[in-house]
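J.:
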Amino acid sequence: MQTPSLPSLAEIEDASRIVYRDFQATPQYRWQLLGERLGAECWLKHENHTPVGAFKIRGGLSYFAQMAARGTLPAQVISATRGNHGQSIAWAARSHGVRCTIVVPHGNSVEKNMAMRSLGAELIEHGDDFQAAREHAIALAEQTGAHMVPSYHPDLVSGVSTYWWEFLRAVPHLQTVYVPIGLGSGACSAIAAKLALQHPVRIVGVISTGATTYRDSIAAGEVVEAAVSTDIADGMAVRRADPLALPVLRQHLDRLVAISDDEVRTAMRCLFTDTHNVAEGAGAAALAAALQERELIAGQTIGLALTGGNVDAAVFSQVLAG
Numbered sequence: 001m002q003t004p005s006l007p008s009l010a011e012i013e014d015a016s017r018i019v020y021r022d023f024q025a026t027p028q029y030r031w032q033l034l035g036e037r038l039g040a041e042c043w044l045k046h047e048n049h050t051p052v053g054a055f056k057i058r059g060g061l062s063y064f065a066q067m068a069a070r071g072t073l074p075a076q077v078i079s080a081t082r083g084n085h086g087q088s089i090a091w092a093a094r095s096h097g098v099r100c101t102i103v104v105p106h107g108n109s110v111e112k113n114m115a116m117r118s119l120g121a122e123l124i125e126h127g128d129d130f131q132a133a134r135e136h137a138i139a140l141a142e143q144t145g146a147h148m149v150p151s152y153h154p155d156l157v158s159g160v161s162t163y164w165w166e167f168l169r170a171v172p173h174l175q176t177v178y179v180p181i182g183l184g185s186g187a188c189s190a191i192a193a194k195l196a197l198q199h200p201v202r203i204v205g206v207i208s209t210g211a212t213t214y215r216d217s218i219a220a221g222e223v224v225e226a227a228v229s230t231d232i233a234d235g236m237a238v239r240r241a242d243p244l245a246l247p248v249l250r251q252h253l254d255r256l257v258a259i260s261d262d263e264v265r266t267a268m269r270c271l272f273t274d275t276h277n278v279a280e281g282a283g284a285a286a287l288a289a290a291l292q293e294r295e296l297i298a299g300q301t302i303g304l305a306l307t308g309g310n311v312d313a314a315v316f317s318q319v320l321a322g
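Numbering (our numbering), first residue to last: 1 to 322.
1) Just to confirm my understanding: we take Ala65, look at its own chain, exclude 5 residues before and 5 after, and list those with CB closer than 7 Å. What are they?
2) Along the chain, where does the beta strand (DSSP E) that runs through Trp329 open and close?
3) By how many angstroms is the C-alpha of Ala25 removed from the C-alpha of Ala92?
4) Assign Met1 to one of two classes, buried (16 or more other C-beta atoms within 10 Å of its C-beta) or exposed (fewer than that).
5) Within the continuous beta strand (DSSP E) that includes Gly303, where are the two ends?
6) Name the two residues that bound the continuous beta strand (DSSP E) containing Thr341.
7) Skipping 5 residues on each side, what residues in its chain have a beta carbon closer than 6 Å to that of Gln76?
8) With distances taken between CB atoms, is the gap from Ser161 to Ala192 smaller than 7 Å?
9) Return the Cβ separation of Val157 and Ala286 in integer angstroms, given the expectation that the two are a contact with Cβ distance under 8 Å.
10) Exposed or buried, what is Gly303 when buried is set at 16 or more other beta-carbons lying within 10 Å of its beta-carbon?
11) Report yes if the CB atom of Gly53 is closer than 7 Å to the CB atom of Arg94, and no otherwise.
12) Taking the beta carbon of Glu11 as the centre, do at least 16 other beta carbons fall within 10 Å, making it buried, or is it exposed?
13) Could you tell me the alpha carbon to alpha carbon distance between Ile89 and Leu33, rounded to whole angstroms?
14) First and last residue of the alpha helix (DSSP H) that includes Gln66?
15) Does the Cβ of His173 have 16 or more other Cβ atoms within 10 Å, making it buried, or fewer, making it exposed?
16) What's the call for Met114, buried or exposed, on a 16-neighbour Cβ count within 10 Å?
17) Let's see if you can read the secondary structure: which residues bound the alpha helix (DSSP H) around Arg215?
18) Touching or not, the segment 226-236 and the segment 39-50, by the rule of three or more beta carbon pairs under 8 Å?
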């Protein structure tokens, strides 16, 4: 039975046709060295190979296509981001001829900011974290009449679900998969694809020890705000869980794993060493969690989401230097 607010199989398939107008299915490879590290058969889904270097583009394409189909495309949109969601919205807005404003917190990734501007977005810096940027974006939308694009919405989930639909169909014997949690679209999309395909895979959510709102909220059964302190996993640096995503994750995640910034940096180095792919902090989170649970998953077939590779060169060089 389909969970309310999650896309059906038909809706995911419809979203895939929208996504594939811009790019084809991303690859998933079985990496031998990663498998040796984990003592498991390890498959890596390369969402770092999309046109914006992250999975979020799928959601933006789906969201704007749905507005166009309903005849509700606005003249201008506004949204908040730490980078990948903003690139997604800017990409889709440009495709539909819609003006786009993105709010980011101060100190945001220099290269993600450059990428958003290159896609035509007007960038505004406000606040010290994502939540502050988000609240400012909402206020600006109310003042200007621009359409506020949320970071979690069923139409975004429909698009993002296509990558998990690809992954579970390509490697049907996956037993456990790991997915990082920012505001929740990626993890909820994994759940949506699992349910739509009636797949028995176990889904493990990954959070940062420096951003525990989802762990605290799942335990409490309601949204609990938690301070953010991670300095490497900006895609997971969320202070307040989304109330729509929370019940989905609470019901369907097999478990949560919390990883430290040091574990993230180690995983970023391992991914580069073993696959020569660049992962941003959140993009390495799945591997970091799997490494933490090595004994638990030994001998299994494991799926990891490399959700993005958009890390500033200066930051990555410091990570590689150890």
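For each residue, glycine too, the CB sits at the ideal point set by N, CA and C.
T.: According to the structure shown:
1) Only Ile18 meet the Cβ criterion.
2) Missing from the structure shown is residue 329; the chain here goes from 1 to 322 and no further.
3) One alpha carbon belongs to Ala92, the other to Ala25, and they sit about 18 Å apart.
4) In this prediction, Met1 has a pLDDT of 42, which is less than 50 and means its spatial position is unreliable; what the coordinates show is noted afterwards. Counting the other Cβ atoms within 10 Å of the Cβ of Met1 gives fewer than 16, which makes it exposed.
5) Gly303 -> beta strand (DSSP E) spans 301-306.
6) Nothing can be reported for residue 341, as the shown portion of the chain is limited to 1 through 322.
7) Answer for Gln76: Arg99, Ala146, listed in chain order.
8) Cβ atoms of Ser161 and Ala192: closer than 7 Å.
9) Val157 to Ala286, Cβ: 19 Å. No contact.
10) Here Gly303 is buried. Its C-beta has 16 or more other C-beta atoms within 10 Å.
11) No, these two residues do not count as a Cβ contact at 7 Å.
12) By the neighbour-count criterion, in which 16 or more other beta carbons inside 10 Å mark a residue as buried, Glu11 falls on the buried side.
13) Those two C-alpha atoms are separated by around 35 Å.
14) First-last of the alpha helix (DSSP H) with Gln66: 57-70.
15) The residue in question, His173, is exposed, as its Cβ has fewer than 16 Cβ neighbours within 10 Å.
16) Met114 comes out exposed.
17) Where Arg215 is concerned, the enclosing alpha helix (DSSP H) stretches over 213-220.
18) As far as the Cβ criterion goes, the segment 226-236 does not touch the segment 39-50, which means the pair count is below three.
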